[in-house]
Amino acid sequence: MADGSTERIVQGVRAWIAAAPAGAKLPSNRELMAEYGAGPVTVQKAMHALSGLGLVESRAGIGTFVRPARLPQPVDHRWQTAALGQPHTRLPLVPTSQRLAAPDAIGLHSGYPDPDLLPGPLVRAALIRAARSGPTLTRSPVRGLPDLQAWFAAGLAGTAPAGVTPPVSRDVTIVPGTQSGLSSVLRCVVGPGRALLVESPTYWGALLAAEQAGVTLVPVPGGPDGPDPETVREAFARTGARAFYAQPTYANPTGVQWSRERGQAVLEVVREFGAFLIEDDWAHDLAIDSDPGPLAAHDDSGHVIYLRSLTKSLSPALRIGAVIARGPVRDRIAADRGAEGLYVSSILQTATLDVLTRPGWRTHLRELRQGLRIRRDLLLRSLREHTPAAHLEQVPAGGIHLWVRLPDGIDPDRLARDCEARGLMVAPGPEWFPAEPTHPYLRLNYSAPGPDRFPEAAQILQAVIEG
Numbered sequence: 084m085a086d087g088s089t090e091r092i093v094q095g096v097r098a099w100i101a102a103a104p105a106g107a108k109l110p111s112n113r114e115l116m117a118e119y120g121a122g123p124v125t126v127q128k129a130m131h132a133l134s135g136l137g138l139v140e141s142r143a144g145i146g147t148f149v150r151p152a153r154l155p156q157p158v159d160h161r162w163q164t165a166a167l168g169q170p171h172t173r174l175p176l177v178p179t180s181q182r183l184a185a186p187d188a189i190g191l192h193s194g195y196p197d198p199d200l201l202p203g204p205l206v207r208a209a210l211i212r213a214a215r216s217g218p219t220l221t222r223s224p225v226r227g228l229p230d231l232q233a234w235f236a237a238g239l240a241g242t243a244p245a246g247v248t249p250p251v252s253r254d255v256t257i258v259p260g261t262q263s264g265l266s267s268v269l270r271c272v273v274g275p276g277r278a279l280l281v282e283s284p285t286y287w288g289a290l291l292a293a294e295q296a297g298v299t300l301v302p303v304p305g306g307p308d309g310p311d312p313e314t315v316r317e318a319f320a321r322t323g324a325r326a327f328y329a330q331p332t333y334a335n336p337t338g339v340q341w342s343r344e345r346g347q348a349v350l351e352v353v354r355e356f357g358a359f360l361i362e363d364d365w366a367h368d369l370a371i372d373s374d375p376g377p378l379a380a381h382d383d384s385g386h387v388i389y390l391r392s393l394t395k396s397l398s399p400a401l402r403i404g405a406v407i408a409r410g411p412v413r414d415r416i417a418a419d420r421g422a423e424g425l426y427v428s429s430i431l432q433t434a435t436l437d438v439l440t441r442p443g444w445r446t447h448l449r450e451l452r453q454g455l456r457i458r459r460d461l462l463l464r465s466l467r468e469h470t471p472a473a474h475l476e477q478v479p480a481g482g483i484h485l486w487v488r489l490p491d492g493i494d495p496d497r498l499a500r501d502c503e504a505r506g507l508m509v510a511p512g513p514e515w516f517p518a519e520p521t522h523p524y525l526r527l528n529y530s531a532p533g534p535d536r537f538p539e540a541a542q543i544l545q546a547v548i549e550g
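Going by this note's numbering, the sequence shown opens with residue 84, and the numbers climb by one from there.
Given below as structure tokens:
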């Protein structure tokens with residue numbers, strides 16, 4: 084990196100170049116040394132930096148000159164139309180929740196928590212320690228580091244009731260984020276052209292993974308306690324589906340947590356049809372008013388394939404998750420992950436395990452729970468005071484989102500665009516429906532940065548609804 088003197092010269096010469104015509108000769112190195120009081124090595128570093136930026140060019144024996152600006156030429160990519168042909172799948176557009184907000188905007192659209200809620204010091208220290216250790220030059224086993232496998236297995240085993248055989252390390256496959264794990268599960272368990280039951284609405288990433296895998300989606304309406312078991316039974320019988328994808332704990336986007344009775348009833352239906360329940364426990368660490376109770380802990384017969392994510396509670400940069408499965412499906416999933424990505428970075432796995440096994444991790448989870456409660460309640464109060472036209476059907480007991488129903492007749496996509504024009508980013512509800520939306524909804528992230536601006540966001544939302 085350039086030292087202070089070099090940086091002063093670079094900035095000064097750049098200002099000179101901005102006012103000089105193309106091809107103008109720069110002051111000599113001797114003149115620059117005299118003007119900035121710098122040595123020859125420093126001036127040479129500055130010229131090298133300017134050359135790397137494409138601003139100057141040196142001519143041996145003559146001097147250094149301002150390089151003429153090179154206008155980009157249009158490139159013709161039309162040849163790819165014939166080479167690629169028709170797309171195999173109709174991939175959805177990047178959803179609103181993945182877009183970056185303008186620096187001064189209120190961003191309630193994202194699917195990630197504010198970095199201030201995450202254990203930054205723990206993660207940074209763990210990465211430094213991992214970079215100094217053996218994993219910097221070694222590869223990981225395909226299924227993951229054994230100690231990290233054991234941590235995930237122990238986490239699920241700790242909630243297993245008496246009489247149920249808990250999972251073990253070999254049942255765990257470490258994945259680079261559960262989105263990739265879900266893609267492998269759908270390829271191995273469902274396959275192209277076959278039916279997959281999904282709640283409606285459901286996680287947009289599941290819709291994307293199904294689209295990429297060529298899977299046919301069968302929507303099942305959700306409810307305040309989870310889907311109706313009889314509706315699930317009828318869907319299995321009608322479609323011959325072999326799997327049901329669901330988020331029983333703090334579902335994205337609705338925030339619903341299945342009741343214990345509803346979860347057991349749905350699991351019995353899955354067993355009745357010899358099918359799989361793909362349980363996505365994305366928000367396991369995001370509890371507020373209740374505790375997670377994974378259905379996978381109640382099943383040792385291999386009917387539940389369990390995905391556990393750390394992205395929202397640890398760090399989006401680490402992207403570490405796990406798939407826990409038993410029986411032959413476990414080996415199919417591991418083989419698919421090996422073929423897809425060979426293995427997950429051992430440095431990232433080592434750093435993740437470092438954080439998870441330190442006392443500070445438990446402290447972080449307690450602070451995260453309190454931080455989420457404060458922000459959720461603040462956004463709830465803001466909506467109640469300033470957005471009477473919005474209706475919240477259920478207060479989530481965990482997760483990071485409010486699922487807000489709009490007045491009938493409102494177009495959520497247009498409303499989102501109008502809000503963005505006023506400096507508020509929200510996520511329109513249609514992006515989470517596998518079929519036609521039943522009502523107009525918005526998803527609002529209460530773990531977003533800037534909670535002090537939640538009242539302002541609610542006022543903007545009301546003004547746009549009225550408009």
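C-beta atoms are modelled at their ideal positions from N, C-alpha and C, and glycine is treated no differently. No experiment lies behind these values; they were computed from the predicted model shown.
Boundaries of the beta strand (DSSP E) in which I211 is found, first to last residue: I211 -> not in any beta strand (DSSP E); alpha helix (DSSP H) instead, spanning G203 to A214.
State the Cα-Cα distance for the pair A243 and V255, rounded to the nearest angstrom. Distance between the alpha carbons of A243 and V255: 16 Å.
Would R497 be called buried (16 or more neighbouring beta carbons within 10 Å of its own) or exposed? Exposed is the call here.
My assumption, with CB atoms under 8 Å, is that L451 sits in contact with L200. Please give the rounded CB distance. At roughly 6 Å, the Cβ-Cβ gap stays under 8 Å, so L451 and L200 are in contact.
Thinking C-alpha only, which one of I257, W486, M116 and T285 is nearest T435? When only C-alpha atoms are compared, the closest one is I257.
Let's test the definition: count the other Cβ atoms within 10 Å of the Cβ of G122 and tell me whether it reaches 16, buried, or not, exposed. Under this definition G122 is an exposed residue.
Near W444, which residues of its chain fall below 8 Å by C-beta distance, leaving aside the five closest residues on each side in sequence? Here W444 has P202, L205 and V438 as same chain residues with Cβ atoms under 8 Å from its own Cβ, once five neighbours each way along the sequence are excluded.
Enumerated in chain order, which unbroken segments of the beta strand (DSSP E) with a length of 3 residues or greater are wholly contained in the region 452-499? Entirely contained in the region 452-499, the beta strand (DSSP E) runs reaching 3 residues are, in chain order, 484-488.
For E114, the three-state DSSP class (helix, strand or coil): The three-state reading of DSSP puts E114 in helix, counting H, G and I together.
Do H386 and V247 count as a contact pair if the criterion is CB distance below 8 Å? Not closer than 8 Å, so no.
Might you give, ordered along the chain, the residues of its own chain that have their beta carbon closer than 8 Å to the beta carbon of Y286, omitting 5 neighbours on each side? Counting only Cβ-Cβ distances below 8 Å, and skipping sequence neighbours, we find Q330, A334, N335, P336, D363, W365 and W515.
Apply the 10 Å Cβ neighbour rule to V93 and answer buried if 16 or more other Cβ atoms are within range, or exposed otherwise. Burial is judged here by how many other beta carbons sit within 10 angstroms of a residue's own beta carbon; V93 has at least 16 and is buried.
So L191 and T147 are supposed to be a Cβ contact under 8 Å. How far apart are they, rounded? L191 to T147, Cβ: 51 Å. No contact.
Using CA coordinates, which residue listed in P229, L350, Y195 and P520 is at the minimum distance from G492? Looking at the Cα atoms, P520 is the closest of the given residues.
Cβ-based burial, G550 [other Cβ within 10 Å; buried from 16]: That one is exposed.
Expected contact under 8 Å - CB spacing of V315 and V301 to nearest Å: At roughly 10 Å, the Cβ-Cβ gap does not stay under 8 Å, so V315 and V301 are not in contact.
State the CB to CB distance for the pair A408 and I388, rounded to an integer number of angstroms; the pair is presumed to be in contact (CB under 8 Å). Contact holds; Cβ gap of about 5 Å.
Please report the straight-line C-alpha distance between A546 and R505, rounded to a whole angstrom. A546 and R505 have their C-alpha atoms some 10 Å from each other.
Report, in whole angstroms, the separation of the C-beta atoms of V349 and P377, which I expect to be a contact under 8 Å. The C-beta distance from V349 to P377 rounds to 13 Å, too long to meet the 8 Å contact threshold.
Closer than 8 Å is the cut-off here; do at least three beta carbon pairs connect the region 229-240 with the region 457-468? The region 229-240 makes no contact with the region 457-468: fewer than 3 CB pairs, one atom from each, lie closer than 8 Å.
Could you tell me the boundaries of the alpha helix (DSSP H) in which I543 lies? Boundaries of the alpha helix (DSSP H) around I543: F537 to E549.
Less than 8 Å separating the beta-carbons of T433 and G260? No, the Cβ-Cβ distance between T433 and G260 is not below 8 Å.
Name the two residues that bound the continuous alpha helix (DSSP H) containing A326. Annotation: A326 is outside any alpha helix (DSSP H); the continuous beta strand (DSSP E) that includes it extends over A326 to A329.
Can the beta-carbon of Y195 be found less than 8 Å from the beta-carbon of P471? Taking 8 Å as the Cβ cut-off, Y195 and P471 do not qualify as a contacting pair.
Would R142 be called buried (16 or more neighbouring beta carbons within 10 Å of its own) or exposed? That one is exposed.
Is the separation between the beta-carbon of W486 and that of Y529 shorter than 8 Å? In this structure, the beta-carbon distance from W486 to Y529 does not fall below 8 Å.
If you draw a straight line from the C-alpha of M116 to the C-alpha of A105, how long is it? Between M116 and A105, the alpha-carbon positions lie close to 23 Å from each other.
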